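Protein chains in written order, with the working numbering: chain A, 128 to 376; chain S, 423 to 787.
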């Protein structure tokens, strides 16, 4: 009879690695990978099984909102060639407020059902209402801007906040960062002709998100949200306000 | 629960789609960042005005006596474009009565605080401008230039300076232009100023016929200011008399060669018809608009214009300037676009919008 070979060499422990004839314990990096993977499983479980209790949870939200930009920023215009001259890229001065409407979505993380960590999100706005054209200049040429063609994209980055619950009601406040890009159309004069002008303005964004919510079912809330823009091209330069639907705990 | 979620999702999507239907629209008006209605004041610049002749009518004299003109033209000159070199090189007017009248006018203007310059316009005695070849032939002659330099001091006695208005020269007149300016500088300066009108080239070598006749770097040691003649932008096709952006390019190019330059702004308009162009006054434009019942529109630069049908069913376009279009251009020439040491030369006193200087003056610091 041949003896049965062992299924695992007895000197080959489960969590030890052989290295040049010597053995050592698992590295801290390996432990971090294992723990992160474990945490991810827990997070995934909490997302998919919403009635499971966990320390943190994800929630997704969509928003339909109006926006008010108190002061339209100066725009960066691309270079343009007209029948009269070549104009290099430069700055175009403008002013005046703007009303917009738009929609967006984002993903938040909630910790211990109290702390709110907005993660990533985005929103898209376009102007509403009737606006006069703006007569301004671009490197000495007369330019005409069309404020009603303005569009704005917000790219929301992480922030931090707190939320409070009472029965089916919830209130939350968070501060978060991001970037905002606005674009406006226009034209520049060249004698009796015009040439199209493409303009955009990018800014760092800091906003305060305030919301009041009511739970519709165990995983859905309807919220009214007001978001003062603490910084958008300049201090306290407007706000957004709208209806927000949240899915999560 | 699923039903509620679906309802909420549906409501969000419906709201989003519904709002898509509402977009911004043109209100039909204008909000001005530059111009008479804008908040920022017009950049403070030294300004001068050209009078195409030796006399001021009572309207123009009253304009210059007004507070608006004094405010706008502070630090600048009133340029009377009336000196005429004759074929033998002598400069007119030489009649004692004409010189007396000119001197009296200059003294009168000086009492209002203006400096008075006399411009040398190369025209014949009938007022027709010499063609470039004839002017070149004059300038080429050392004897003609010597005679001009000899006779000029007598006629410029009442003035604070002299302006040279050479036009339509061929490019090969360049050495003679430089020689003339150098020789006149020797008799005019430093007691008086010597300035020269130069073509509004926007490229080097010049993009204009005759633009190379003016060697700005060679003229620089002999002149006090160069007036860049940024006028008559539209020549073949109907359009504004000036494009402010084009004027910026012309001034920037000249300023690279010589620091003390002025940008010109037209006070007159141009009527474009089948039989060519014709300069017009502001009052002409308003009268034609009224008679022809033609609405006054504004072009892309803000210059007003009108389309009308003249006698013989001739289609015309008449472009001119008013206080608003002028204020827009001056506003567009902000300090970051044109340095504040660039002056403004208003060309054609008497042809302007009567409200021009009062309204510009009110917009200046």
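Note that CB positions come from ideal geometry on N, CA and C, so glycine has one too. These numbers were taken from a predicted model, which means no experiment stands behind them.
> Looking only at C-alpha atoms, which of S:653, S:571, S:538, S:598 sits nearest to residue 501 (chain S)?
Replying inline: Checking every option, the nearest Cα to that of residue 501 (chain S) belongs to S:538.
>> I need the straight-line Cα distance from residue 647 (chain S) to residue 751 (chain S), nearest angstrom please.
In response: Cα to Cα, residue 647 (chain S) sits roughly 21 Å from residue 751 (chain S).
> Taking 8 Å as the CB-CB limit, is residue 220 (chain A) close to chain S?
Replying inline: When Cβ-Cβ separations below 8 Å define contact, residue 220 (chain A) makes contact with chain S.
> For a contact meaning CB atoms closer than 7 Å, what does residue 630 (chain S) contact in chain A?
Replying inline: Identification of chain A residues near residue 630 (chain S) by a Cβ-Cβ cut-off of 7 Å yields none; the smallest Cβ-Cβ distance measures about 14 Å.
> Distance, Cα to Cα, residue 601 (chain S) vs residue 564 (chain S)?
Replying inline: In a straight line, the C-alpha of residue 601 (chain S) is about 9 Å away from that of residue 564 (chain S).
>> Taking the alpha-carbon of residue 614 (chain S) as reference, which of S:636, S:627, S:632, S:583 has the nearest alpha-carbon?
In response: Selected option, being the one with the closest Cα: S:583.
>> Just to make sure I have the definition right: I need the residues of chain A whose C-beta is within less than 7 Å of the C-beta of residue 452 (chain S). Which are they?
In response: At a C-beta separation below 7 Å, residue 452 (chain S) has these neighbours in chain A: 259, 260, 262.
> Using a Cβ-Cβ distance under 8 Å, would residue 253 (chain A) count as near chain S?
Replying inline: Residue 253 (chain A) counts as touching chain S.
> If you follow the beta strand (DSSP E) that residue 243 (chain A) is part of, which residue opens it and which one closes it?
Replying inline: Per DSSP, residue 243 (chain A) belongs to the beta strand (DSSP E) from 242-254.
>> Pop quiz: residue 561 (chain S) and residue 595 (chain S) are said to be a contact at Cβ under 8 Å. What is the actual Cβ separation, rounded to whole angstroms?
In response: Right, their Cβ atoms sit about 6 Å apart.
> Of all Cβ atoms in chain S, is any one closer than 8 Å to the Cβ of residue 274 (chain A)?
Replying inline: Interface residue, yes.
> If you follow the alpha helix (DSSP H) that residue 704 (chain S) is part of, which residue opens it and which one closes it?
Replying inline: Going by DSSP, residue 704 (chain S) is part of the alpha helix (DSSP H) stretching over 704-713.
>> Please classify residue 788 (chain S) as buried or exposed, where buried requires at least 16 neighbouring CB atoms within 10 angstroms.
In response: Here chain S has residues from 423 to 787 only, and residue 788 (chain S) is not among them.
>> Looking at chain S, is there any beta carbon in it that lies within less than 8 Å of the beta carbon of residue 368 (chain A)?
In response: Proximity of residue 368 (chain A) to chain S, defined by a Cβ-Cβ separation below 8 Å, is not satisfied.
> Is residue 768 (chain S) close to chain A, meaning its C-beta is less than 8 Å from at least one C-beta of that chain?
Replying inline: For residue 768 (chain S), the answer is no, since every Cβ of chain A falls outside 8 Å of its Cβ.
> When DSSP builds the beta bridges, which residues end up paired with residue 326 (chain A)?
Replying inline: For residue 326 (chain A), which the question treats as bridged, DSSP gives the partners A:204, A:311.
> So which residues on chain S does residue 206 (chain A) lean against when the C-beta distance must stay under 7 Å?
Replying inline: Residues of chain S with a Cβ closer than 7 Å to the Cβ of residue 206 (chain A) do not exist, since the nearest Cβ in that chain sits about 13 Å away.
> So which of S:636, S:661, S:777, S:620 has the shortest CA-CA distance to residue 767 (chain S)?
Replying inline: Comparing Cα-Cα distances from residue 767 (chain S) to each of S:636, S:661, S:777, S:620, the minimum goes to S:620.
> Straight-line CA distance for residue 369 (chain A) to residue 349 (chain A)?
Replying inline: In this structure, the alpha-carbon of residue 369 (chain A) lies about 11 Å from that of residue 349 (chain A).
> If contact means a Cβ-Cβ distance below 9 Å, which residues of the region 310-332 of chain A contact chain S?
Replying inline: The region 310-332 of chain A vs chain S, Cβ under 9 Å: 314, 315, 316, 317, 318, 319, 320, 321.
>> Nearest by alpha-carbon distance to residue 506 (chain S): which of S:573, S:681, S:783 is it?
In response: Comparing Cα-Cα distances from residue 506 (chain S) to each of S:573, S:681, S:783, the minimum goes to S:573.
> Considering only the beta carbon of each residue, do residue 465 (chain S) and residue 668 (chain S) sit closer than 8 Å?
Replying inline: Between residue 465 (chain S) and residue 668 (chain S), the C-beta spacing is not below 8 Å.
> Counting contacts by CB-CB distance shorter than 8 Å, is residue 268 (chain A) in contact with chain S?
Replying inline: With 8 Å as the cut-off, residue 268 (chain A) counts as an interface residue toward chain S.
> With 16 as the cutoff for other CB atoms within 10 Å, does residue 450 (chain S) come out buried or exposed?
Replying inline: Exposed.
> In chain order, what residues of the region 474-508 of chain S put their CB closer than 7 Å to some CB of chain A?
Replying inline: Residues of the region 474-508 of chain S whose Cβ lies closer than 7 Å to any Cβ of chain A: none.
>> According to DSSP, residue 296 (chain A) sits in a beta bridge with which residue or residues?
In response: Looking at the DSSP output, residue 296 (chain A) sits in a beta bridge with A:293, A:341.
>> DSSP three-state label for residue 175 (chain A), please.
In response: Low local confidence applies: a pLDDT of 41 at residue 175 (chain A) is under 50, so the model's placement there is unreliable, and no value is given.
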